[in-house]
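If you count by the numbering used here, then the sequence shown holds residues 1368 to 1645, one letter each, in order.
As structure tokens, the structure follows; a few thoughts come after it.
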Amino acid sequence: MKIWVLFSAMLLSACSQTAPDSLEKGSSAPVADSIVDLRSGKTITSGELLEQLAAAPRVIVGEKHDNASHHKIEQWLVENLAQQRPQGSVLMEMLTPNQQDRVNKSRLWLQSHPDGNANEIAEQLDWKKSWDWSMYNGVVMAAMRGNYPLLSANLDRDEILSLYQTPVFPAGNYSSQPDVRAAIAETIRVSHGGKIEPDQQKSMLAIQQQRDRRMAERLLAAPTPALLIVGGYHASKKLGVPLHIRDLDSQATSVVLMLAEQGTVVTAESADFVWTTQ
């Protein structure tokens, strides 16, 4: 097994589709270049978006991992959705099952140590260096201080290793479609500059889809209203978690907000809303 390929497999979700530092007058919402309701094609305000998302039992937010503005938007959503209605749970791709106990204990610790700082929490969580804490500390701390659970949504490292050695694909009518798997496989190939062996590509495809399946399972099991924060490819209605939700429960509904950078095309096939920033 080539270490660089395994490392790439574990971090594939960092390949994602793609809010700003200034504030909208009269609001704490980050300024958007535009927010579009892709179902109607209409441009809406951040307040209108918040109202729409607050009515959904499950919201999936797709980010570009290295865009600091996207994390500002996520923190704003975590803080403001809870003011619109009781928040049931927040889930994050960046947390794995073996960190869940640490998360639970840290949340309790924060209740008795309200002045606890982000660096202390990162250490308590054993936050993975592959996720830049300077990007995520705001949204994590906001969720940790909420009166609802913060939940892991990813696979553990040993699960990824096992899938790499013995690829197993999740069953389902929607996520197993040839065009879905071909599109994900092509993304994997391109992300490696076309230099990847077929067996390695198959393993990484299995890992990617099993990540999406795990996130869908966790989202369906989470207390609602639930908010899931993931990379853009995972959020895609065309390729990611929403397909696995349909495979698992045809009656379950979710709303996808894609956070995108200027120049990125997001269509109604992939998301319900797109928030475009620099």
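Here a beta-carbon is modelled for each residue, glycine too, at the ideal position from N, C-alpha and C.
Among I1612, L1448, K1604, nearest to A1510 - alpha-carbon criterion = L1448
Hey, quick one: how far does the beta strand (DSSP E) through T1643 stretch, first residue to last?
-> 1640-1644
Sequence ranges, beta strand (DSSP E) only - wholly within the segment 1456-1488, length at least 3 = Taken in chain order, the unbroken stretches of beta strand (DSSP E) that lie wholly in the segment 1456-1488 and span 3 residues or more are 1456-1459.
Do the segment 1633-1642 and the segment 1603-1616 touch if we need at least three Cβ pairs shorter than 8 Å?
-> yes
Buried or exposed: G1561, going by 16 or more other Cβ atoms within 10 Å of its Cβ?
-> exposed
May I have the straight-line CA-CA distance separating N1540 from R1580, to the nearest angstrom?
-> 13 Å
Is the distance from the Cβ of L1632 to the Cβ of M1625 below 8 Å?
-> The sequence shown places Val at residue 1632, rather than the Leu named in the question. The answer is no: Cβ separation not under 8 Å.
Any idea which residues DSSP pairs A1627 with across the strands?
-> Looking at the DSSP assignment, A1627 forms a beta bridge with T1643.
Where S1542 sits in the DSSP three-state scheme | coil
Neighbour-count burial assignment, V1535, 16 or more Cβ in a 10 Å radius = exposed
Answer with buried or exposed for A1406, where buried requires no fewer than 16 other C-beta atoms within 10 angstroms of its C-beta.
-> In the sequence under discussion, the amino acid at residue 1406 is Arg, which differs from the Ala named in the question. R1406 should be labelled exposed.
Applying the criterion that 16 or more other CB atoms from any shown protein chain within 10 Å of the CB defines a buried residue, is R1452 buried or exposed?
-> Flag for R1452 reads exposed.
May I have the straight-line CA-CA distance separating R1585 from V1457, to the nearest angstrom?
-> 11 Å
Candidates H1480, S1501, Q1576, A1602, of which the one nearest R1425 by Cα = A1602
How is E1526 classed by DSSP in three states: helix, strand or coil?
-> helix
May I ask which residues mark the beginning and end of the beta strand (DSSP E) holding I1402?
-> 1401-1404
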